[in-house]
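Trainee: Quick one: structure below, then a few questions.
Residue numbers (the working numbering): 62 to 316.
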């Protein structure tokens with residue numbers, strides 16, 4: 062029988078399938094997102110956690126093929142059910158904290174490699190209504206047929222505390238969560254104001270200039286996935302690599 066991979070918050074601390082490091086990383090995450098003294102900026106994530114709408118998984122190494130297959134399996138299981146969970150749902154993927162220190166650039170490479178690896182073993186085609194070019198304002202990372210907004214947290218973040226975590230961590234938010242929420246909508250303006258107000262006190266650096274709304278002509282989603290502490294840092298082009306079968310219409314990936 063396969064080990065359980067997808068967990069609700071109230072299952073984690075008592076589960077024999079969650080390693081000790083995973084329970085520790087989860088408790089660190091939980092203390093941040095539920096803090097009343099220093100409210101976490103992402104109010105959708107906070108509400109989702111309080112309403113038991115978040116799902117979690119734990120793997121060891123993003124560069125281990127079996128671990129990536131396990132992560133992909135958990136993400137597929139989540140995507141198959143997320144619309145039955147609730148509007149503010151997310152999937153949080155924890156990786157085992159390392160003893161060595163890594164630079165921000167190393168974690169950035171690790172993040173984009175992870176998304177590329179997941180894409181390479183994706184069993185479904187890229188959705189027809191989502192552009193494949195990250196330079197397009199409507200591009201979004203896709204997996205198992207769903208467009209997903211992605212956020213990376215790392216131990217290397219210090220000034221941007223909203224992106225700091227105990228170990229390498231990736232959060233996947235289906236674009237469905239944001240339906241009806243735009244920069245022009247009432248709820249969109251309300252959420253944006255609260256998030257920006259909280260960021261001012263939570264982070265030791267101003268809100269990143271790349272933060273924007275999906276679909277706006279000047280916005281590029283991929284630039285929001287991994288934010289550096291330095292607001293002047295820019296990445297010239299998106300590091301995500303589309304697999305050959307999507308580029309040339311072949312039936313199988315050569316991965």
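We put the beta carbon where it would ideally sit given N, CA and C, even for glycine.
In this text, all values refer to a predicted model and were calculated from it rather than measured experimentally.
Relative to the C-alpha of residue 131, which candidate in 201, 166 and 155 has its C-alpha closest?
Mentor: Checking every option, the nearest Cα to that of residue 131 belongs to 155.
Trainee: Could I get the ranges of all uninterrupted beta strand (DSSP E) runs contained in the segment 65-121, with 3 residues as the minimum, in chain order?
Mentor: List check, beta strand (DSSP E) in window: 115-120.
Trainee: Report back the beta-carbon spacing between residue 187 and residue 307 to the nearest angstrom; my notes put them in contact at under 8 Å.
Mentor: 5 Å between Cβ atoms; contact.
Trainee: Are the segment 183-198 and the segment 289-308 touching, with three or more C-beta to C-beta distances below 8 Å?
Mentor: Judged by Cβ distances under 8 Å, the segment 183-198 makes contact with the segment 289-308, as three or more pairs qualify.
Trainee: Could you spell out the range, first to last residue, of the alpha helix (DSSP H) harbouring residue 171?
Mentor: Segment 165-181, the alpha helix (DSSP H) holding residue 171.
Trainee: Do residue 284 and residue 177 count as a contact pair if the criterion is CB distance below 8 Å?
Mentor: No; because the gap between Cβ atoms is not below 8 Å, this pair is not in contact.
Trainee: What's the gap between the Cα of residue 169 and the Cα of residue 287?
Mentor: Distance between the alpha carbons of residue 169 and residue 287 is about 7 Å.
Trainee: Per DSSP, which residues does residue 213 bridge with? Please list them.
Mentor: Looking at the DSSP assignment, residue 213 forms a beta bridge with 231.
Trainee: Look at the alpha carbon of residue 315 and the alpha carbon of residue 265, and state the distance between them as a whole number of angstroms.
Mentor: At residue 315 the pLDDT is 36, less than 50, meaning the model places this residue with poor confidence; the figure from the coordinates comes in the next sentence. Cα to Cα, the separation comes out at about 44 Å.
Trainee: Check this for me: beta carbons of residue 252 and residue 105, under 8 Å apart or not?
Mentor: Taking 8 Å as the Cβ cut-off, residue 252 and residue 105 qualify as a contacting pair.
Trainee: State buried or exposed for residue 175, treating a residue as buried only when at least 16 other CB atoms are found within 10 Å of its CB.
Mentor: Buried, since its Cβ has 16 or more Cβ neighbours within 10 Å.
Trainee: Smallest Cα separation from residue 304: which of 289, 183 and 139?
Mentor: Considering only alpha carbons, the answer is 183.
Trainee: Expressed to the nearest angstrom, what Euclidean distance is found between the alpha-carbon atoms of residue 172 and residue 207?
Mentor: Between residue 172 and residue 207, the C-alpha separation is close to 19 Å.
Trainee: Grab me the residues of residue 107's own chain with a C-beta within less than 6 Å of its C-beta, minus the 5 sequence neighbours each way, in chain order.
Mentor: Excluding sequence neighbours, residue 107 sits near 94 and 101.
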